[in-house]
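Chemist: Before I ask anything, let me first share the structure, which is written out below as C-alpha cells.
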Amino acid sequence: MNSKLDPMDLYDIRSELSEDEAMVKDSVGRYVDEKVIPLMRDAFEQHKFPRQLIGEVAELGLLGSSIEGYDCAGLNSVSYGLICQELERGDSGLRSFVSVQSSLVMFPIHTYGSEEQKQRWLPAMARGEAIGCFGLTEPHGGSDPSNMKTHAKRDGDDWILNGSKMWITNATIADVAIVWVRTEEGVKGFIVEKDMPGFDTQEIENKFSLRASVTGALFFNNVRIPEANVLPGISSLRGPLSCLTQARYGIAWGVIGAAQACLNEVLNYTQDRVLFGQPIANTQAIQIRMAEMSRQITAAQLISLRLGRIKDKGQLSPTQVSLAKWNNCRAAIDIARDARDILGGAGISAEYVPIRHMLNLESVITYEGTETVHQLVVGKELTGVNAF
Ligand code: TGC
Ligand code: FAD
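Take 16 as the starting number for the sequence shown in my numbering and just add one per residue.
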C-alpha cells in the first residue's frame, strides 16, 4: 500500500505546487543530478568552489530569481525555496553561492539601491558576470552585529571606510561587496568594488566544512567610497537584518535537500548491507532510524511550504523564519550525523554523501544566525522579553 509514496516526499508536497513551481523543481533537480553531484566530491576534497557552475546557474535563471526586471527571472518565493532545496541536495556550498548572490547582494541593491545602482549591478549579477559578497560579521562576534566596529566618516562628497569583516562567503572571488558600516548617520550599506585602493581580501584556508565554497576576510584601510556607492534607502540595522531574513528563508528550504540526499544514501546502502544474515534495512532499529529521518524531513517540508506561501502573500514575520531556520537545520544535521553512523566505517569515506553534508551543515547551522540566536528570537516573540 505504501509503495506508491515517494520516500523523499511522504506527504506529497509536490501536489501542492503550481505547474510552474514543479517545473522549476524538476529542471533544477535534473541539473543538480547531471552537472552538480558528479563534481562535488572532488570540489570538497580539493577545497575549491567549482566556478564553472556560475555560468550554468546564471543560464538557468537562478541568480536573483525572485527579482522582477533587470534580466532576473521574477519567480515566487516557493520557487526560490525549491531552487535552494535542489541545489543543496548537491552541496551546501553551491546553495551558499546562490543565497549570497541573490538574497544578500542583489536583494539589498534591489530594495535599498538607487536606480543607477540597480542598472549597473543587477543585470550583470543575474548573468553571473559580476559576483557579490555580503560583509556583516566582524572578527569580535557575529551574533551581535549591533556592536559593529567597521566605520566610515564623510570626507567632502566621499566616505572614508575603515575596519574588517570576517567569515565572508565569496570574499576573494567577489567583484563587489555589500559592506555594512557604522556611520554618524546610522548603519549604512556600502557598495565596495574590488579594485578600490585600500580594500583587501584574504581567503580562510583549511576549513573542514563548506570546502566547496570560498570563505574569507575583508579589510578596509582608508577606502574612499563615493556617495554614489552608498545604498540610499537604509540607515539602520534593519537593512542587513532584512537581507538575513531572505537568506534564512532559502536556507530553511535548502537544508531539506541535504537531508534528503542523506536519507536516500542510507535507504540504498541498508538494502545491500547484509549483517547477521539479513540486510540491515530489515532490522527494526534501522527502520526506526530511517523513519525518524523521514518524519523530520516531512515536518521541515511542511514548515517550508507554509512559510513560502506566507512570504508570497507578503505576510512573513522574521520570527517565523527563525523558527524554520532553527528547526530545519537541526533536523538536517541530526539526519546527516545519523546517516553517517548507519553507514558504519564506510560513513567516513567521501564515497558516500552523509559526511560531506554533515560537515557542511556545521556551518549552515552556525551562519545566518546560530541555533541559539533563533531560539532567542522565538523566545522573545513568546514572552516579549529580549534575552540577548
Ligand atoms: P533589533 O533591535 O532586534 O533590530 C534592529 C532593527 O532590525 C529589525 N529586525 C529585522 N528586520 C528584518 N528581518 C529580521 N530578521 C530582523 N531582525 C530585526 C528590527 O525590527 C529593528 O528595526 P527598526 O526599524 O525598529 O530599527 O536588533 P538586535 O541588535 O537586538 O539584534 C537582534 C538579533 C540578535 C536577532 C540580530 O542581531 C541577529 O539576527 N544576529 C545574528 C546575526 C547573523 O545572523 N549574522 C549573519 C551574517 S550573514 C551570513 O551568515 C551569511 S552566510 C551565507 C551563506 O554562505 O549562505
Ligand atoms: P559568536 O557570535 O561569537 O557566537 C559564539 C557562540 O555564542 C555561539 O554558539 C552562539 O550561539 C553563542 N551565543 C551568542 N549570543 C548568545 C547569547 N545571548 N546567549 C547564549 N549564547 C549565545 N557572515 C557574513 O556577514 N557574511 C557571510 O557571507 C558569511 N558567510 C559565512 C560562511 C561560513 C562558512 C561561516 C562559518 C560563517 C559565515 N558568516 C558570514 C558568519 C556567520 O554569520 C557567523 O559565524 C555567525 O553569525 C556567528 O558569529 P560568530 O562566528 O562570531 O560566533
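For every residue, glycine included, the Cβ atom is placed at its ideal position computed from N, Cα and C.
Predicted model, so just to flag it, every value in this text is computed and none were measured.
Is W341 a contact residue of the ligand FAD, with contact defined as CB to any heavy atom under 7 Å?
Modeler: It does not: the Cβ of W341 is nowhere closer than 7 Å to a heavy atom of the ligand FAD.
Chemist: In angstroms, rounded to a whole number, what distance separates the CA positions of P138 and L358?
Modeler: Approximately 45 Å, taken between the alpha carbons.
Chemist: Report, in whole angstroms, the separation of the C-beta atoms of H372 and W341, which I expect to be a contact under 8 Å.
Modeler: Going by Cβ atoms, the distance from H372 to W341 rounds to 18 Å, so no, they are not a contact pair.
Chemist: Could you give the residue range of the alpha helix (DSSP H) that holds V392?
Modeler: Unbroken alpha helix (DSSP H) run through V392: 386-398.
Chemist: Quick check on DSSP: helix, strand or coil for A243?
Modeler: Helix at A243.
Chemist: Below 7 Å, is the gap between the Cβ of T187 and the nearest heavy atom of the ligand TGC?
Modeler: No, Cβ of T187 sits at least 7 Å from all heavy atoms of the ligand TGC.
Chemist: DSSP beta-bridge partners for R197?
Modeler: Answer by DSSP bridge pairing, in chain order: H166, V202.
Chemist: Mind listing, in chain order, the continuous alpha helix (DSSP H) runs of no fewer than 4 residues lying wholly within the region 122-187?
Modeler: List check, alpha helix (DSSP H) in window: 122-127, 130-141.
Chemist: How big is the Cα-Cα spacing for L233 and T216?
Modeler: Straight-line Cα distance between these residues: approximately 5 Å.
Chemist: Ends of the beta strand (DSSP E) at E218?
Modeler: Its beta strand (DSSP E) spans residues 214-218.
Chemist: Among R345, A37, S251, H155, which one has its Cα closest to the Cα of E199?
Modeler: The residue with the shortest Cα to Cα distance from E199 is S251.
Chemist: Whole angstroms is fine: what's the gap from L90's alpha carbon to L331's?
Modeler: Rounded to the nearest angstrom, the two C-alpha atoms are 17 Å apart.
Chemist: Taking the C-alpha atoms as reference points, what is the distance between P247 and P212?
Modeler: Cα to Cα, the separation comes out at about 23 Å.
Chemist: Where does N343 land, buried or exposed, given buried means 16+ other C-beta within 10 angstroms?
Modeler: With 16 or more Cβ atoms within 10 Å of its Cβ, N343 is classed as buried.
Chemist: Mind checking whether the beta-carbon of V207 lies closer than 7 Å to any heavy atom of the ligand FAD?
Modeler: Checking every heavy atom of the ligand FAD against the Cβ of V207, none is found closer than 7 Å.
Chemist: Can you list, in chain order, the residues of its chain whose CB lies under 8 Å from that of Y284, leaving out five sequence neighbours each side?
Modeler: If we look at Y284 and ignore the five residues flanking it on each side, its Cβ neighbours are I357, L358, A361, Y367.
Chemist: Three or more C-beta pairs under 8 Å: does that hold for the region 155-171 against the region 185-203?
Modeler: Segments in contact, yes.
Chemist: Assuming W268 and S319 are in contact, meaning their beta carbons sit under 8 Å apart, how far apart are those beta carbons, in whole angstroms?
Modeler: Their Cβ separation, rounded to whole angstroms, is 5 Å, which keeps W268 and S319 in contact under 8 Å.
Chemist: Could you check if V245 belongs to the surroundings of the ligand FAD, using beta carbon to heavy atom distance under 7 Å?
Modeler: Not under cutoff, so the answer is no.
Chemist: When you compare only the Cα positions, how much space is there between R263 and L322?
Modeler: R263 and L322: Cα-Cα distance of roughly 11 Å.
Chemist: Cα separation between M16 and Q293?
Modeler: Since pLDDT at M16 reaches only 48, below the 50 mark, its modelled position is unreliable, and no value is offered.
Chemist: Checking the sheet assignment: what are the DSSP bridge partners for T230?
Modeler: Paired residue(s): T184.
Chemist: Assuming K40 contacts E83 (C-beta within less than 8 Å), just tell me the rounded distance between them.
Modeler: That belief does not hold up - the Cβ atoms of K40 and E83 are roughly 21 Å apart, past 8 Å.
Chemist: Give the secondary structure of Q293 by DSSP, where H, G and I count as helix, E and B as strand, and everything else as coil.
Modeler: Here Q293 sits in strand by DSSP.
Chemist: Tell me which same chain residues have a C-beta within less than 8 Å of the C-beta of Y26, skipping the five on either side of it?
Modeler: Around Y26: T313, Q316, L317.
Chemist: Determine the DSSP secondary structure at A402, reduced to helix, strand or coil.
Modeler: Of the three classes helix, strand and coil, the one that applies to A402 here is coil, per DSSP.
Chemist: Round the Cβ separation of D173 and E131 to the nearest angstrom and send it over; I've been treating them as touching at under 8 Å.
Modeler: About 17 Å separates the two Cβ atoms, so there is no contact after all.
Chemist: With a CB to CB cut of under 7 Å and the five nearest residues on each side skipped, what residues in its chain are close to K50?
Modeler: Here the set comprises E71.
Chemist: Quick check on P369: buried or exposed, where buried means 16 or more other Cβ atoms within 10 Å of its Cβ?
Modeler: Result: buried.
Chemist: Decide yes or no for the touch test of the region 386-400 against the region 295-311: beta carbon pairs closer than 8 Å, at least 3 of them.
Modeler: Taking 8 Å as the limit for Cβ pairs, the verdict is that the region 295-311 does not touch the region 386-400.
Chemist: Could you give the first and the last residue of the continuous alpha helix (DSSP H) run that contains N91?
Modeler: Neither: N91 is in no alpha helix (DSSP H) and is coded neither H nor E.
Chemist: Using DSSP with H/G/I as helix, E/B as strand and the rest coil, what is F112?
Modeler: Helix, per DSSP.
Chemist: Measuring from the CB of D159, is there a heavy atom of the ligand TGC at a distance below 7 Å?
Modeler: It does: the Cβ of D159 is within 7 Å (strictly closer) of some heavy atom of the ligand TGC.
Chemist: Apply the 10 Å Cβ neighbour rule to T398 and answer buried if 16 or more other Cβ atoms are within range, or exposed otherwise.
Modeler: Exposed is the call here.
Chemist: Taking the alpha-carbon positions, what's the E153 to K164 distance?
Modeler: Answer to the nearest angstrom: the Cα atoms are 8 Å apart.
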